[in-house]
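Count along the sequence shown from 1, add 1464, and you get the number used in the working numbering.
Reading through the structure tokens given below for one structure.
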Amino acid sequence: WSYGNVSCLLHPLDQLDRDFYDDSKQRSLSVIEIMIKNNNPELVHPIITSLIDTKWKFFANRILIRRFIITFLYLLVFLGTTILQQTRRETTEDENDMKSVSTDGKFYNAIHKIIFRVGRIIV
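So, in structure tokens, the structure goes:
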């Protein structure tokens, strides 16, 4: 309808963006899929842009942040376990010309082994 210079349009959303969970039957492409496939700038309309922005804000943004955090934590664990595995132990020579390996103590060694094992299980 329109009243003066104010008009209201009703767009069928089922043709703009189809449900992607229903893969059991052959279906026609939605408008967004056609835009992506053809890369046609003439199809870009403010309604399509607002639909994509809304979908990004409510769905894809959360998925991206969640995947980034999981990947970042994975890389931190991988880096930590790699560094802990390659730490050098200090060697000293005593008066009998025998080399001995010293570490910072049993507590450090136990923590090192626990973190290393947990990291290797995750990685």
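Backbone N, C-alpha and C define an ideal beta-carbon position, used for all residues, glycine too.
Go ahead and pull the three-state DSSP assignment for residue i.
{"i": "S1514", "result": "helix"}
{"i": "V1508", "result": "coil"}
Report yes if the C-beta distance between residue i and residue j is below 8 Å; otherwise report no.
{"i": "M1499", "j": "I1511", "result": "no"}
{"i": "G1544", "j": "I1516", "result": "no"}
Find the nearest neighbour of residue i within the set the options, judged by alpha-carbon distance.
{"i": "L1507", "options": "S1514, I1496, L1515", "result": "I1496"}
Measuring only between beta-carbons, confirm whether residue i sits less than 8 Å from chain B.
{"i": "T1546", "result": "No chain B is present in this structure, which holds just one protein chain."}
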